[in-house]
Every structure is written in structure tokens, then in C-alpha cells.
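For the protein sequence lines, the chains are A and B, in the order given. For the first sequence, my numbering begins at -19 and goes up steadily by one. For the second sequence, my numbering begins at 162 and goes up steadily by one. Ideal placement from N, C-alpha and C gives every residue a C-beta, glycine not left out. All of these numbers come straight from a predicted model, not from anything done at the bench.
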Amino acid sequence: MKLLRLIAAEIFGLFVDDGSLALAVLAACLGLALLLAAGLPPAWAGPLGFVELILILAENLFRTVHRPKS
Amino acid sequence: MFAIATARKNRPMHALWFHLPAASAAFLASMVEAVEAFTIILAVSVVRGPRPALLGAGTALALLVALVLALGPLLARVPLHLVQALVGTLLLLFGLRWLRKAMLRALGRVALHDEAMAYQKSTSALQQDTALAGTTADWIAGIAAFKAMALEGLEVVFIVIAVGAGGRGALLAASLGAGLACLIVLAVGLALHAPLSKVPENALKYGVGVMLSSFGLFWLIEGLGGTWPLGDATIVLLMVSFLAISGALVAWLRPPAASAAGSGS
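Below, the structure written as C-alpha cells:
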């Protein structure tokens, strides 16, 4: 049981390292889905998604780099 | 995996320009995972002999094969767009996590991965655990090998399924890429009988993060009903863009002292 819990935690860790990055990526994916459902032209979704992800990554890195080392 | 392969079989098998990125991503990612798994299995083998190492790794491998055989037909029942959106989202979480960590390593915020040190840590931890365990020492060593193989192998399976979502050809190319990487690591590792610390894991992880993030965004948009003006060729464009912008971000965020030191090297 302990081993299974450990494996489950490791699998979760494959996708989530920094919780705020994971939440922001999920929110971006959901936002894209909603925008497409609301009538966003299909050809705009890719470039918009790319810009969203780059901004999320840049903000996360900026915050991490300027955070005092613990 | 089979749903995607079946539904997208109209994508031409000879579209090598599309399958090459899938094969390369699976090859590089699998090489990183195989090196990490090999280090722990080698440590088990050195501390307790090859039997628990082979038993643990073999059991994990059988479990992974069973998992693929069980989940494959189940995936076929899920609508294609849902599979693409789900795979794309998971791949983005996975790929951006790797890319972020690789960028933080390049910025000096996270220590570089050192396979020789990982081997030493695994060996001494196993020696301590098995010394206290008495008759169950082989069992503990076998579990360590099982865990390493299961976890790293699971990542390889996920990556192959995810980047191979371009149809039968891409799935085959990704599987071949992953299989080749594992065979190379096994052959070189057995020949050297030492951890593969010369493999440039940090650079590989950066590249893999870029590739997986590109595949993730590609599948997500296709799954949600969006379109890519350049079709499958967009994958390469996304890779180049992620690489260029992440490189620019690293240069921008690098502390002045590190920039000066880095420019001298």
C-alpha cells in the first residue's frame, strides 16, 4: 500500500512540480476551449495558445528567479 | 493510442518530415529516462547482485506491458478529440515542467543533474537499507529496481503514446525511437558497467522539454477544434519558436555575474 501511494505521488509529480505553473497551464487550456466554443476563429487558437504559454513560463521564471533562495 | 492510430490512419505513412520529430522526441526523452533507471538498477546489482535487480526490473517491465495492453483498447472507446485534448494538456504539463527546470538549471537556480552522484547516493542508501534488513535485503533491493524501472518506464510509455498521436506512422516512429534509446543505454551501460555520467542529460532535458511542449500545444489545439495553418509542419515551427524564446528568456533572466562568466566560456 505504501509503495502504491509512493508510485501515485511520483506519477502526480511527473506533471506537477510547481503548482502555480500547472494551475496556470490548466487555466490557459480551459480558456482556449472556452474561447473556441465562443466563436474564436480556429486558426487563431494556436498562436494565442503559444503566446499564453510563453507568458506563463516567463512570469513563472521571473518570479522564481527573483525569489530569495531558501 | 489505438484510437488515435485508427482515426488518423489517413495521414500518409510516408510523411517522414512529421515522423522524425516524434521519433527524435521519443528517442531523446527515453534516453534520459533509461539512463536514470539504469543508474539505480546498476546500484542494486552492485550492492545485492544481479538477481534482485533483474527480478525487480523484469517485473516492472511486465507490468508496463500489461498496462499498455489493458489501456490501449479502453482508449479506443474515447472520442478522438477528447483523447487529443487530454494528451495535449498532459503533455504540456509534462513538457513545460521539464523546460522550466532545464531553464532554471541554465540560470543556476537548480543544481545540474549529476548521474555519478545519483549512483553514489543510490548505492549508499541501498547499503544502509539492506544492512538493516537481514533476510529481506534482496526483497528491498528488488523493490528499488522495480520502482526505478516502473516510474521511468511509465514516463517512456506516456511519451511514446503522446508524441505518437500523429497516427500509426508516428506511433511506430516514436516506439522505434524509444526502443533504440533504451537498447543503446543498456548496451553502453553493460559494456561500461558504470553510471552513464557522460550523457549530457541537462542539455537533453532542455531539448526534450522544448519538443514535448510543442507536441502538447499542437495536440491540444487539434483536440479543441482549432487549426494550424501549416498543418503538421507547424510542429517544427513550434519547436524552433519555443527554443528561441526560452533561450532569450534565459539570457534575459541570467544574473549579471553569471552572464559575464558565461560569455567567457
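No residue range can be given for TRP389 of chain B, since it is assigned to no alpha helix (DSSP H) and is classified by DSSP as neither H nor E. Excluding its 5 nearest sequence neighbours in each direction, TRP389 of chain B has C-beta neighbours in its own chain below 8 Å: PHE379, ILE382, GLU383 and THR395, listed in chain order. What PRO22 of chain A touches in chain B, judged by beta-carbon distance under 7 Å, is GLY386, GLY387 and THR388, going in chain order. In this structure, the CA atom of PHE188 of chain B is about 15 Å from the CA atom of ALA198 of chain B.
According to the DSSP assignment, LYS262 of chain B belongs to the alpha helix (DSSP H) that extends over 241 to 267. In summary, GLN245 of chain B is buried, with 16 or more beta-carbon neighbours lying within 10 Å of its beta-carbon over all protein chains present. For TYR280 of chain B against ALA342 of chain B, the beta-carbon gap comes to about 19 Å, at or over 8 Å, which does not count as contact.
Under the DSSP assignment, LYS359 of chain B falls outside any alpha helix (DSSP H); it carries neither an H nor an E label. In this structure PRO356 of chain B is buried. Its beta-carbon is surrounded by 16 or more other beta-carbon atoms within 10 angstroms. In this structure, DSSP gives ARG43 of chain A a helical state, which the three-state scheme calls helix. DSSP places MET(-19) of chain A in the coil class of the three-state scheme, outside both helix and strand.
Interface residue (Cβ-Cβ distance to chain A less than 7 Å): ARG266 of chain B is not classified as such. With 16 or more other Cβ atoms inside 10 Å of its own Cβ, PHE307 of chain B counts as buried.
At a beta-carbon threshold of 7 Å, the residues of chain B lying near VAL5 of chain A are LEU253, LEU254 and LEU257, ordered along the chain. By the C-beta density criterion, HIS180 of chain B is buried, having at least 16 other C-beta atoms within 10 angstroms. The beta-carbon of LEU12 of chain A is placed less than 7 Å from the nearest beta-carbon of chain B. It is roughly 18 Å from the alpha-carbon of HIS242 of chain B to the alpha-carbon of ALA8 of chain A. Look at VAL318 of chain B here: in three-state DSSP terms it is helix. Contact between ARG266 of chain B and ASN363 of chain B holds, with the beta-carbon distance rounding to 5 Å and staying under 8 Å.
For LEU273 of chain B, there is no enclosing alpha helix (DSSP H), since its DSSP letter is neither H nor E. Taking 7 Å as the cut-off, the beta carbon of GLN288 of chain B is found closer than this to the beta carbon of VAL208 of chain B.
Under the DSSP assignment, THR297 of chain B falls outside any alpha helix (DSSP H); it carries neither an H nor an E label.
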